[in-house]
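See the structure below:
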């Protein structure tokens, strides 16, 4: 806590408004939670606004952080709803009168930037946890989204990228470089469940000896179908291995069908939403992250703290966490054959699993502490 209070000791108390679209529990939500708690501990007054209630707002309330909701601020795009959401956000801004407004996620970031500028807020901030124009979309959609992101960056005094890779993705934006800063995500250790308890909670009766697993939204960007295909090939040679996927999302039916068609119903478990999923990582032997894109990847930091060997796509900010063959294994995104080979290497070599798991743990502890993330972000609120 002492590191959080260094900024507060030098400067006056701030009123900080954090804005985020969804209140589920993902990387952006964890970031908002950690920043709200850190800012509060540093002596600042904090309010968090989200589109609806969820795990994030539940945890914030339990921690004594006030929250407000804008029901019309959703991930889907509807012009009428956007206008209503903006009006409500502007009303909250005028009522709370923050010194800092800090948007997170594409829509909330844009709305917060516009509202903040119109209300004359002292510092308008945005954190990019990923760029939606990097996702697999039609060209016209990508162009519109890129223009919206560019407008958000221009309206904000500072845009924080959670990885160097995301900062490089802004190099095409004219006049934006002076507004971009990199502050990598940070994380603290938390107790894990005992291994057998975690296994029983996740998949009672699942008798595979060695578990490969991941925590991910069931969304196309996470490319879980690639992981399942890679695992199916691995099963042909290593049938004592199981696959456990923690998370929920739009692709559940599609993935369930894939599992059935590949004859993997006794070897793959879709756990659905798992509260406090990271404390169950003790159930796993190997962590896999086959994403098409990642800003940085909180789940990889969590896997590191669990001392798990990790196999992940060589995309986005992932190589900033994993040094290939030193603290994990990187594979080309979408290459299920390379993913199978990497998984088989770890399955067949316990010593390598232990070495890579410890190396990742040491790297996460050294490079990605939460206190550093909070301290550097609070400092940016003052930067001129």
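Numbering (the working numbering), first residue to last: 1390 to 1773.
Just so you know, even glycine gets a beta-carbon here, dropped at the ideal spot from N, CA and C.
Among residues of its own chain, excluding the 5 on either side of residue 1436, which ones have a beta-carbon nearer than 7 Å to its beta-carbon?
Walking along the chain shown from the start, residue 1436 turns up at place 47. 1406, 1455, 1457 and 1485.
Return the residue from the list 1667, 1616, 1528 and 1488 that minimises the CA-CA distance to residue 1648.
The residue you call residue 1648 lines up with position 259 of the chain shown. Comparing Cα positions, the closest option is 1616.
Rounded to the nearest angstrom, what separates residue 1450 and residue 1422 at their Cα positions?
Residue mapping note: residue 1450 aligns to position 61 of the chain shown, counting from 1. Residue mapping note: residue 1422 aligns to position 33 of the chain shown, counting from 1. Straight through space, the alpha carbons of residue 1422 and residue 1450 are spaced by roughly 11 Å.
Quick check on this structure: which residue in 1579, 1577 and 1599 has the alpha carbon closest to the alpha carbon of residue 1585?
For the purposes of this step, residue 1585 is taken as residue 196 along the chain shown, with counting starting at 1. Closest by alpha carbon: 1599.
For my contact list, residue 1538 and residue 1522 are in at a C-beta cut-off of 8 Å; report their separation, rounded to the angstrom.
In the chain shown, counting from the first residue as 1, residue 1538 sits at position 149. In the chain shown, counting from the first residue as 1, residue 1522 sits at position 133. Their Cβ separation, rounded to whole angstroms, is 6 Å, which keeps residue 1538 and residue 1522 in contact under 8 Å.
Same chain, Cβ closer than 7 Å to residue 1823, five either side skipped, listed in chain order:
Any answer about residue 1823 is impossible in this case: the structure gives the chain only from 1390 up to 1773.
If you measure from the beta carbon of residue 1543 to each beta carbon in chain C, is any gap under 9 Å?
Looking at the structure shown, chain C is missing, and only one protein chain is on hand.
Cβ neighbour criterion (16 or more within 10 Å) applied to residue 1664:
Along the chain shown, one-based indexing puts residue 1664 at 275. Classification for residue 1664: exposed.
Using 8 Å as the Cβ pair cut-off and three pairs as the minimum, do the segment 1703 to 1717 and the segment 1681 to 1689 touch?
Contact holds: three or more Cβ-Cβ distances are below 8 Å.
Quick check on DSSP: helix, strand or coil for residue 1628?
As a first step, residue 1628 is located in the chain shown; it is residue number 239 there, counting from the start. DSSP places residue 1628 in coil when its eight states are reduced to three.
Are the CB atoms of residue 1694 and residue 1717 within a distance shorter than 9 Å?
Residue 1717 sits at position 328 when you count from the first residue of the chain shown. Residue 1694 sits at position 305 when you count from the first residue of the chain shown. Result no, Cβ atoms of residue 1717 and residue 1694 do not sit closer than 9 Å.
Just to confirm the assignment, what range does the alpha helix (DSSP H) spanning residue 1765 have?
By one-based count along the chain shown, residue 1765 stands at place 376. 1759 to 1769 is the extent of the alpha helix (DSSP H) around residue 1765.
Taking the C-alpha atoms as reference points, what is the distance between residue 1468 and residue 1698?
Position 79 of the chain shown holds residue 1468. Position 309 of the chain shown holds residue 1698. Distance between the alpha carbons of residue 1468 and residue 1698 is about 45 Å.
Residue 1524 to residue 1610, Cα distance in whole Å?
If you number the chain shown from 1, residue 1524 lands on position 135. If you number the chain shown from 1, residue 1610 lands on position 221. Near 7 Å, if we compare the C-alpha coordinates of residue 1610 and residue 1524.
With a threshold of 7 Å on Cβ separation, who are the neighbours of residue 1666 within its own chain once the five nearest residues in sequence on each side are excluded?
What you label residue 1666 is simply residue 277 of the chain shown in a count that begins at 1. Exclusion of the five residues before and after residue 1666 leaves 1604 and 1635 as the residues of its chain whose Cβ lies within less than 7 Å of its Cβ.
Relative to the C-alpha of residue 1540, which residue among 1496, 1578 and 1518 is closest?
Along the chain shown, one-based indexing puts residue 1540 at 151. Answer by Cα proximity: 1496.
Same chain, Cβ closer than 6 Å to residue 1528, five either side skipped, listed in chain order
On the chain shown, position 139 is the one that residue 1528 refers to. Once the five neighbours on either side are set aside, residue 1528 has no close Cβ partner at all.
Cβ of residue 1630 within 9 Å of Cβ of residue 1736?
To locate residue 1630, count along the chain shown from 1; it is residue 241. To locate residue 1736, count along the chain shown from 1; it is residue 347. Yes, the Cβ-Cβ distance between residue 1630 and residue 1736 is below 9 Å.
Using 9 Å as the threshold, is the C-beta distance between residue 1547 and residue 1769 below it?
Position 158 of the chain shown holds residue 1547. Position 380 of the chain shown holds residue 1769. Cβ distance < 9 Å, so residue 1547 and residue 1769 count as in contact.
Looking at the structure shown, is residue 1553 part of a helix, part of a strand, or coil, going by DSSP?
To locate residue 1553, count along the chain shown from 1; it is residue 164. Reduced to three states, the DSSP call for residue 1553 is helix.
Between which residues of its own chain and residue 1417 is the CB-CB distance below 7 Å, once the five residues before and five after are set aside?
Your numbering for residue 1417 matches position 28 in the chain shown. Taking C-beta separations shorter than 7 Å and ignoring five residues to either side along the sequence, the partners of residue 1417 in its chain run 1409, 1493, 1494 and 1518, following chain order.
Going by CA-CA distance only, name the one from 1643, 1414 and 1727 that's closest to residue 1445.
Translated into positions along the chain shown, residue 1445 becomes position 56. The candidate whose alpha carbon is nearest that of residue 1445 is 1414.
Using alpha carbons as the reference points, say which of 1481, 1608, 1462 and 1602 lies closest to residue 1643.
One-based indexing of the chain shown puts residue 1643 at position 254. Closest by C-alpha distance to residue 1643, out of 1481, 1608, 1462 and 1602, is 1608.
Just list the residues that DSSP pairs residue 1499 with in beta bridges.
Sequence index remark: in the chain shown, residue 1499 carries index 110 (1-based). In the DSSP assignment, residue 1499 is bridged to no other residue.
Distance between residue 1427 and residue 1761 (C-alpha atoms, nearest Å)
Position 372 of the chain shown, counted from the first residue, corresponds to residue 1761. Position 38 of the chain shown, counted from the first residue, corresponds to residue 1427. Cα to Cα, the separation comes out at about 11 Å.
Tell me whether residue 1512 sits in a helix, a strand or coil according to DSSP, three-state version.
As a position in the chain shown, residue 1512 is number 123, starting the count at 1. Residue state, collapsed to three classes: strand.
Could you tell me the distance, in whole angstroms, from the CA atom of residue 1549 to the CA atom of residue 1654?
If you number the chain shown from 1, residue 1549 lands on position 160. If you number the chain shown from 1, residue 1654 lands on position 265. Those two C-alpha atoms are separated by around 42 Å.
When DSSP builds the beta bridges, which residues end up paired with residue 1675?
Sequence index remark: in the chain shown, residue 1675 carries index 286 (1-based). The partner list for residue 1675 (beta bridge, DSSP) reads 1601.
Which partner residues of residue 1491 appear in the DSSP bridge assignment?
Residue numbering aside, residue 1491 sits at position 102 when the chain shown is read from its first letter. Beta-bridge pairing links residue 1491 to 1407 and 1514.
Would you call residue 1561 buried or exposed, if buried means 16 or more other Cβ atoms sit within 10 Å of its Cβ?
In the chain shown, counting from the first residue as 1, residue 1561 sits at position 172. That one is exposed.
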